[in-house]
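Please read the structure below before turning to the comments.
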Amino acid sequence: MRGDRTMADIQEAEGFQWLPAMDSLKQELQKQDPTVLSVVVALVVVLISLLLWKLLKRSQTSRRAVLLLGVSDSGKTLLLCRLLTGRYTMTQTSINAQTAAYRAKNDKGPSLTLVDIPGHESLRLYFLEQHKAAARGLLFVVDSSSFQREVKEVAEHLFQLLTDSTVLKNNPPILVACNKQDISMAKSAKLIQQQLEKELNTLRVTRSAAPSTLEGANTPTIHQLGKKGKDFDFSQLPMKVEFVECSAWDSKKEEGDANFSGVEDWLARLARPVPRQGTAIQQVCVLSHGGPLKTGDRRTSCNIVCMCIR
């Protein structure tokens, strides 16, 4: 009876209905010239690659913000003023995010947007949530003169950034600006890097060992930091992390020895368009032959592709 048919019977019957059509399509494809088929496949891959590249480029272009981060009194606001005007300016602790357009030196492309995120613990996460998705780069400012007593707070702040889902998704480059190098007790960038790696390694161990029941419902997911089973260092991260020494302050105010050229150089590199990792046509040849096609190279199985980049 019709009502007694099982799902398997129905699927089998429907499958038999498709078999003649599939056989017909298979026969038509077998009649075609293999060269024509390879060209069609290559063109389809090119179109898909171009579409994906365009979407990626649009996403990268839309992210033009550089977030100035760090604990309170690290010198973020003064550094922002120096970058914008080159002058010394009296500043005070920020309670709101400040934004300003910045044109990197010798750059004629779109300007960056510098965003000064307040350093107070109760404010920085709130403003970070608002701006992190637009971040092209993260400028993390450290007070080199008081680093020894603030290392735990600095590492906590950095740990939150490095394990944030959005930051890990976009992988923005990070510059750790070791500020206030004009003070005699300031720690070097190398020493700050080493101590931060040790402190972040300790945080990673303690956070992973903490019972999940202690985490509230609104606690963000903590992602693995670095490589499991190895002591942490910054080279294990998916984004590039650099350290530079700088000083936005100087004893003679405008005419002193302030030095933040390393930060300016990093911003100039950041403002440049992201280089393309080979054209879509070259990517087709990589897929087809296992290696990139060089100028003058001739391959008979993808003549149309080779001809496009000779």
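For the sequence shown, our numbering begins at 23 and goes up steadily by one.
Cβ coordinates follow ideal geometry from the N, Cα and C atoms, glycine included.
Residue nearest to residue i in terms of C-alpha spacing, selected from the options
i, options, result
"K174", "S283, T224, A123 and S187", "T224"
"N201", "Q258, T121, I70 and F265", "F265"
"E172", "Q182, S96, S206 and I117", "S96"
"V198", "L213, L72 and K191", "L213"
"Q114", "L90, I70, P140 and A122", "P140"
"R109", "W288, G284, A280 and L289", "A280"
"A293", "V63, S94, D253 and R86", "R86"
"G159", "L72, Y148 and L183", "L183"
"S168", "F149, S94, R291 and L89", "S94"
"Q217", "D186, R146 and Q170", "Q170"
Spatial distance of residue i from residue j (CA atoms)
i, j, result
"P195", "L65", "34 Å"
"L100", "F282", "11 Å"
"G92", "D255", "19 Å"
"S166", "L134", "26 Å"
"I117", "A231", "34 Å"
Assigned secondary structure, residue i (DSSP; H/G/I helix, E/B strand, else coil)
i, result
"C268", "coil"
"T135", "strand"
"R109", "coil"
"T121", "strand"
"G248", "coil"
"L180", "helix"
"L72", "helix"
"N193", "coil"
"N223", "helix"
"A211", "helix"
"A157", "strand"
Proximal residues to residue i (C-beta, below 6 Å), its chain only, five neighbours per side dropped
i, result
"C103", "T111"
"A156", "R85 and A87"
Beta-carbon contacts of residue i that lie in its chain and below 8 Å, excluding the five residues immediately before and after
i, result
"E178", "L225"
"Q120", "T99, L102, V137 and D138"
"E286", "L105, A126 and K127"
"Y124", "V88, L105, L106, S133, L134, T135, L136 and L289"
Neighbourhood of residue i by C-beta, 7 Å cutoff - its chain only, sequence neighbours within 5 removed
i, result
"K249", "Q258"
For residue i: DSSP bridge partner residues
i, result
"F162", "L91 and V198"
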